[in-house]
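Note that my numbering has the sequence shown beginning at 8, numbered continuously upward. C-beta: ideal position from N, C-alpha, C; glycine also. First the structure, in the form of structure tokens, and then the observations on it.
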Amino acid sequence: MLKTNASIQEIGAARWQALAGSDNPFNSFAFLHALEQSGCVAAHTGWQPQHLSVETETGELLGVVPAYLKGHSQGEYVFDHAWADAFQRAGGKYYPKLQISIPFTPATAPKLLTKQDAPSSTKSLLIDGLERACQQLNLSSAHATFLPPEDLELFTEHQWLERHDRQYHWRNQNYQSFDDFLAQLASRKRKAIRKERRTVHDHGLKIEWLSGKDIQEHHWDSFFAFYMDTGSRKWGQPYLNRDFFSLIGESMGDKIVLMLAHDGTDYVAGTLNLVGRDTLFGRYWGCNLHIPNLHFELCYYQAIDYAIENKLQTVEAGAQGEHKIARGYEPITTRSAHFIPHDGFREAVKDYLDEERRHIALDQELLKGYTPFKKE
8 MLKTNASIQE IGAARWQALA GSDNPFNSFA FLHALEQSGC VAAHTGWQPQ HLSVETETGE
68 LLGVVPAYLK GHSQGEYVFD HAWADAFQRA GGKYYPKLQI SIPFTPATAP KLLTKQDAPS
128 STKSLLIDGL ERACQQLNLS SAHATFLPPE DLELFTEHQW LERHDRQYHW RNQNYQSFDD
188 FLAQLASRKR KAIRKERRTV HDHGLKIEWL SGKDIQEHHW DSFFAFYMDT GSRKWGQPYL
248 NRDFFSLIGE SMGDKIVLML AHDGTDYVAG TLNLVGRDTL FGRYWGCNLH IPNLHFELCY
308 YQAIDYAIEN KLQTVEAGAQ GEHKIARGYE PITTRSAHFI PHDGFREAVK DYLDEERRHI
368 ALDQELLKGY TPFKKE
């Protein structure tokens with residue numbers, strides 16, 4: 008039996024988490040519930056929960072999908088503004104649309120969450136349900152973003168359109184220290200990174216890593232001020248409110264690494280990271296004191312230090328940013344899938360995506376030549 012749920016609370020923490028597992032912090036009940044409980048995700052923000060679930064006749068939960076009715080295209084990091092403009096200029100109504108994603112989070116995570124012993128058809132049933140919801144609600148489209156390969160394969164088998172984009176990730180090659188990592192770089196790149204780190208060190212800043220109960224409300228107060236400053240300058244109105252950070256600190260603090268820079272008097276900058284099974288996810292950054300290279304230190308180099316010390320395999324440093332390449336972060340392809348019921352519109356988008364994927368693939372090969380690692 009397929010069912011739509013107006014909040015994740017309708018499904019329940021234990022039931023949802025039994026399907027989500029512990030590998031990825033973003034599709035956890037704690038993270039998604041905090042978004043809803045804080046009011047960051049709600050109808051009035053353009054993110055109306057529409058989570059899909061499939062249950063047996065006896066009420067056993069077999070599968071869930073985090074889904075939202077979207078009244079705009081903000082906070083997704085897979086940009087379809089041009090599609091919306093074209094569809095609406097042709098007389099269509101693009102919004103609301105159905106968004107299968109983790110709100111405000113450009114990190115790959117499973118979206119088709121199923122019970123370990125669920126029938127093999129459960130994931131296909133969930134995709135069928137998404138298509139049916141899209142058609143029953145007369146929506147222009149459905150979009151499943153930042154998909155792992157196994158999810159993408161199922162969506163494309165259902166004839167959803169495949170889209171590619173790019174991020175920059177750091178890979179741990181069993182490094183024992185930051186110097187061990189630097190030793191793999193070309194001499195000029197190695198010297199540049201050491202110079203950037205020395206610039207921050209010379210300002211006498213102390214950088215703290217805080218997790219779990221060590222994160223107090225005054226730490227969140229400082230970090231939220233940094234977050235608001237960056238968000239206000241970048242996109243006008245930040246997506247998250249102060250309550251959200253307290254909620255995740257309380258419910259999933261062991262998955263959080265808050266890195267704060269202290270100048271001896273007060274905190275002057277910070278970055279928020281979440282920890283998965285083998286990945287450190289860098290999410291938000293901000294400061295109230297401009298120090299050259301502090302952004303690189305907190306967001307990239309400290310993340311590498313943490314990953315090496317904790318034997319994590321990957322650092323995902325968020326969306327965009329070709330400047331990450333010089334810091335040892337390599338280009339990787341991200342993937343999404345798109346369902347468009349309107350035949351004419353679907354064909355136009357398909358042609359666009361075919362060409363876009365070719366350009367992404369060519370750019371990937373070109374960018375790999377700019378990585379700072381020693382060349383054979």
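Secondary structure at Ala-324: strand, using DSSP grouped into helix, strand and coil. Taking a contact as a CB-CB distance under 8 Å, the pair Asn-280 and Met-259 does not count as one, their CB atoms being some 12 Å apart.
Beta-carbon to beta-carbon, Asn-34 and Pro-117 are separated by about 6 Å, close enough to satisfy the 8 Å threshold. Between His-210 and Leu-296, the alpha-carbon positions lie close to 11 Å from each other.
Between Tyr-175 and Gly-28 the beta-carbon gap is near 26 Å, outside 8 Å, which marks them as no contact. Within the region 79-132, the complete alpha helix (DSSP H) segments of 4 residues or longer fall at 88-96, listed in chain order. Taking one beta carbon from each stretch, the region 64-77 and the region 127-138 have 3 or more pairs nearer than 8 Å; the two touch. Assigned with DSSP and collapsed to three states, Tyr-274 falls in strand. The three-state reading of DSSP puts Leu-369 in helix, counting H, G and I together.
The bridge partners DSSP lists for Arg-353 come to none. With respect to Ile-332, Thr-278 sits apart: the two C-beta atoms are not nearer than 8 Å. In chain order, Gly-53 and Tyr-102 place their CB closer than 7 Å to the CB of His-79, counting only its own chain and leaving out the 5 sequence neighbours on each side. Going by DSSP, Val-72 is part of the beta strand (DSSP E) stretching over 68-72.
Three or more beta-carbon pairs drawn from the region 289-304 and the region 193-210 are found closer than 8 Å, and the two stretches are therefore classed as touching.
Relative to Tyr-336, the option among Pro-348, Phe-346, Arg-342 and Glu-323 whose CA is nearest is Glu-323. Secondary structure note for Gln-244: it is in no beta strand (DSSP E), with a DSSP letter that is neither H nor E. Just measuring C-alpha positions, the residue of Ala-355, Phe-346 and Met-8 sitting nearest Glu-164 is Phe-346. Ala-149 sits buried, since 16 or more C-beta atoms from the chains shown fall within 10 Å of its C-beta. Note on geometry: alpha-carbon atoms of Leu-369 and Asp-172 lie some 12 Å from one another. CA-CA distance, Trp-167 to Pro-110, rounds to 21 Å.
Counting C-beta pairs with one atom in each stretch, the region 358-369 and the region 176-189 have fewer than three that are closer than 8 Å, which means they do not touch. The region 166-223 is shown to contain whole alpha helix (DSSP H) runs of 4 or more residues at 185-189 and 194-208, in chain order.
Approximately 5 Å separates the beta-carbon atoms of Gly-293 and Asp-236; this is inside 8 Å, confirming the contact.
The beta carbons of Thr-286 and Gln-309 sit no closer together than 8 Å.
Residue state for Lys-262 is assigned as helix, using DSSP reduced to three classes. Lys-100 and Leu-39 have their C-alpha atoms spaced approximately 28 Å apart. In this structure, Leu-42 and Arg-342 do not form a Cβ contact; the two beta carbons are roughly 23 Å apart against a cut-off of 8 Å.
Straight-line spacing of the CA atoms in Arg-284 and Val-264 works out to 14 Å. In this structure Thr-65 is exposed. Its beta-carbon is surrounded by fewer than 16 other beta-carbon atoms within 10 angstroms. Distances from the alpha-carbon of Val-275 to those of Ser-229, Asp-312, Ile-315 and Ala-97 put Ser-229 closest. Within the same chain, and ignoring the five residues on either side of Phe-251 in sequence, the residues whose Cβ sits closer than 7 Å to its Cβ are Ala-41, Leu-42, Ser-45 and Cys-47. Residue state for His-345 is assigned as strand, using DSSP reduced to three classes. Your pair Ala-268 and Leu-305 checks out as a contact, with CB atoms roughly 6 Å apart and the cut at 8 Å. Restricting attention to beta strand (DSSP E) runs no shorter than 3 residues, the region 24-68 encloses them at 54-56 and 58-62, ordered along the chain. Distance from the CA of Ile-367 to the CA of Leu-254, rounded to the nearest whole angstrom, comes to 38 Å. DSSP places Phe-162 inside the alpha helix (DSSP H), whose first and last residues are 156-164.
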